[in-house]
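Contents: one structure, followed by commentary.
Number of protein chains: 2
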Amino acid sequence: MLRHFIVISVLLASYSAQAEEPPFGIAIHGGAGTITRAQFSAEQEQAYKDKLAEAVEAGHAILAAGGESMDAVIAAIQVMEASPFFNAGKGAVYTFDGGHELDASIMNGATLAAGAVAGVTTVKSPIALARAVMEQSVHVMLSGKGAEQFAEQQGLELVANSYFNTDARYQQLLEAKKRLGVADYQAYLALDERFKYGTVGAVALDKNGNLAAGTSTGGMTAKRWGRVGDAPIIGAGTWADNASCAVSATGHGEYFIRYHVAADICSRVKYQGVDIVSAGDTVIHDVLLPAGGTGGVIIIDAAGNVHMPFNTEGMYRAKRVGNQPTEVSIYKN
Amino acid sequence: MLRHFIVISVLLASYSAQAEEPPFGIAIHGGAGTITRAQFSAEQEQAYKDKLAEAVEAGHAILAAGGESMDAVIAAIQVMEASPFFNAGKGAVYTFDGGHELDASIMNGATLAAGAVAGVTTVKSPIALARAVMEQSVHVMLSGKGAEQFAEQQGLELVANSYFNTDARYQQLLEAKKRLGVADYQAYLALDERFKYGTVGAVALDKNGNLAAGTSTGGMTAKRWGRVGDAPIIGAGTWADNASCAVSATGHGEYFIRYHVAADICSRVKYQGVDIVSAGDTVIHDVLLPAGGTGGVIIIDAAGNVHMPFNTEGMYRAKRVGNQPTEVSIYKN
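Right, dumping it as structure tokens:
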């Protein structure tokens, strides 16, 4: 009798383990800022939502098939890099001089390996180059021409800088320059937040319990002085640690560096024992906002919980956790 | 009787408050690595110690006179930048192409304002430029030619890149290249730690209770690819927050970025409530060393406690706290 009970218990436990798939999921953002319903026609809004859904599902498919979080992050970001909708890859904003300089970073939560590139001008997918730096070099961060030489050697796809030209971004440059007035003022005068934001990112948890995070951006409209924002800064724009969470940030980069936002959220989870909702809300609403730092983050933890707090009017975002449906949002609530 | 007692108590308290000066102090480092007694003659060792004492006392004098921690950090670092002994400023190592590219960063613990520069070639004092970025621009990090244009506009002292030439560093470049063998290997092969280290830094607490930290470096011998190390990365090489501590790091930069060493030490103090000895030792010995990350940090907290842990054979370091004598050390113990 007892023996039968044990056999049945073991069978049930085994069945339950098979039925209970390990948690997995992905969240993405396409930038935060003054994004309001008034800006969009119904068609435009739907086009953005479709692209966000396409990106999150590209990553989710990899996870659902048992693939790695790193691959899912890359796949999701590359959909957004290839779209003119977001300030990353194809849709990168213009520098003051009328060109494009792109930044990206990526981090593996299992190993704390990381890769980052700043100021690249001819690499079609900066996030792919960040991964190559992480996996194929002994360095973490490469910049400018050196980063491009490395990309070429790695056989990554190179494009003319004009590949990143789009009329919508060019109009933004003209408007930004008009507002700046005197060229040299950019180091001193803060631009309207419309010209500062727009970055894409993804965070993912795979079925092996490994977290990853990545961020890619075209930087700030009319940027000068070789300005580096938070996107390529490990700890500011990107962080992943299996012991806490994975974060990708978007917003006013200078504040995200000074408050090392991505790593600080994970440090709070790790050292204070709070959850990602508490840690994320505290940093975005109670620390950054009073200091004047606007933007948002996407966070995923090792249990597959996702939180996407932002203190701006909107943040392009989407998530798909386990076998739940895809959720896409732009505005608050 | 009670009234006399109260008067006397108030007088004593007032006297005690005047006699008990608020805590202040400064600590500096001049790089960590395989620094052994066998390398130095007695004269050479004394020359290094004298320069470290000169640097720490330059900062201490400012603090003792009631000056700001930011000014003390700058003063101490500029003594080391002006000396050929350290891999920063005048003594900067050579890049693969035979030039010099310098990085620096600084942070104000009272405001969390920060400034950083990467890859500058003509700025005599990179730490002064980092401060100008922090105070005179809306940005946190500038790189390359843009950073130099900004330096020129700010009226900082510019020099020919050859100002940084020294024979000792040139010999190191030749030796590093011999070891690397094939040029393109640098992205893949790690160099001996002798070629990776050497950075200067300072952390200070002023009588107003404000912390500051700064770091300046010539980077890695024979570096290519626009490699960016930890020195200009806020959170990796430099961090200061009045609520916890101020840290400047030196070591194998890639590990210091991946483990966001400076900020992580302060996060442990802030969120775990541990002291700087515990936080610093844990990160340097228990986190970094097992991962393969060698180097060290200097830490000061708001009570004027100083801790300078390192996991290499030596670290050039000095401290002067309050009116205690200057202490200068190079090796362990």
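Residue numbers (my numbering), protein chains in the order written: chain B, 40 to 372; chain S, 40 to 372. All C-beta atoms in this analysis are idealised placements derived from N, C-alpha and C, irrespective of residue type, glycine included.
- Counting along the chain, the unbroken alpha helix (DSSP H) around B/L102 starts and ends at 81 to 103.
- An exposed status is given to B/N362, since fewer than 16 other beta-carbon atoms sit within 10 Å of its beta-carbon.
- Taking S/H291 as reference, the option from S/D269, S/A279, S/A285, S/G240 with the minimal CA-CA separation is S/D269.
- Comparing alpha-carbon positions, the option among B/A302, B/E191, B/N147, B/A241 lying closest to S/W264 turns out to be B/E191.
- In the three-state reduction of the DSSP assignment, B/R208 falls in the helix class, which pools H, G and I.
- Separation of B/L212 and S/M146 (C-alpha to C-alpha, rounded to the nearest whole angstrom) is 32 Å.
- Secondary structure of B/G268 (DSSP, three-state): coil.
- Below 8 Å, enough C-beta pairs join the region 336 to 353 of chain B and the region 280 to 297 of chain B to call them touching: three or more.
- Going by DSSP, S/E293 is part of the alpha helix (DSSP H) stretching over 292 to 297.
- For B/S306, the three-state secondary structure derived from DSSP is helix.
- Across the set B/L141, B/L151, B/G148, the C-alpha of B/L141 shows the shortest separation from the C-alpha of B/L168.
- Taking every protein chain shown into account, the CB of S/K217 has fewer than 16 other CB atoms within 10 angstroms, so this residue is exposed.
- Partner residues in the beta bridge of S/H346, as assigned by DSSP, are S/I338.
- With a threshold of 16 other beta carbon atoms within 10 Å, B/T161 meets it and is buried.
- Taking a beta-carbon distance threshold of 8 Å, S/S306 counts as an interface residue toward chain B.
- Ranked by how close their Cα comes to the Cα of S/E214, the residues S/F135, S/A153, S/W278 have S/F135 in first place.
- Within the same chain, and ignoring the five residues on either side of S/A171 in sequence, the residues whose Cβ sits closer than 8 Å to its Cβ are G154, F189, A190, Q193, L195.
- Neighbours of B/D303 in chain S, taken as residues whose beta carbon is under 8 Å from its own, are A302, S306 in chain order.
- In the three-state DSSP reduction, B/L219 falls in the helix class (H, G or I).
- Using a 10 angstroms sphere on the CB of S/T238, the tally of other CB atoms reaches 16 or more, which defines it as buried.
- Judged by DSSP in its simplified three-state form, S/K184 adopts helix.
- Your pair B/I337 and B/R356 checks out as a contact, with CB atoms roughly 6 Å apart and the cut at 8 Å.
- When DSSP states are grouped into helix, strand and coil, S/R263 belongs to the coil group.
- The C-alpha of S/Y310 is placed about 11 Å away from the C-alpha of B/I304.
- Listed in chain order, the positions of the region 112 to 140 of chain B with a beta carbon within less than 9 Å of a beta carbon of chain S would be empty, since no residue qualifies.
- Taking the C-beta atoms as reference points, B/L250 is found nearer than 8 Å to B/G148.
- Counting only the Cα atoms, B/E107 lies some 46 Å from S/I113.
- Chain order gives the chain S residues near B/S182 as A157, G158, S182, G183, W264, G265, R266, V267, where near means a beta carbon separation below 9 Å.
- Contact check for B/V95 against B/I67 passes: the beta carbons are separated by less than 8 Å.
- At the C-beta level, B/S182 and S/S255 stay beyond 8 Å of one another.
- For S/A157, same chain residues with a beta-carbon under 6 Å away, outside a window of 5 residues either side, are D142, S182, V267, P271 in chain order.
- Distance from the CA atom of S/D325 to the CA atom of S/V313, rounded to whole angstroms, is 15 Å.
- The beta carbon of S/I101 is closer than 7 Å to those of D110, A111, A114 in its chain, skipping five residues each way along the sequence.
- When the beta-carbon positions are compared, S/V300 and S/G64 stay at least 8 Å from each other.
- With a minimum length of 4 residues, the unbroken runs of alpha helix (DSSP H) contained wholly in the region 107 to 175 of chain B fall at 108 to 120, 165 to 175.
- Take B/C284, set aside five residues on each side of it, and the residues of its chain with a beta-carbon closer than 6 Å to its own are C305, V308, I315, I338, D340, in chain order.
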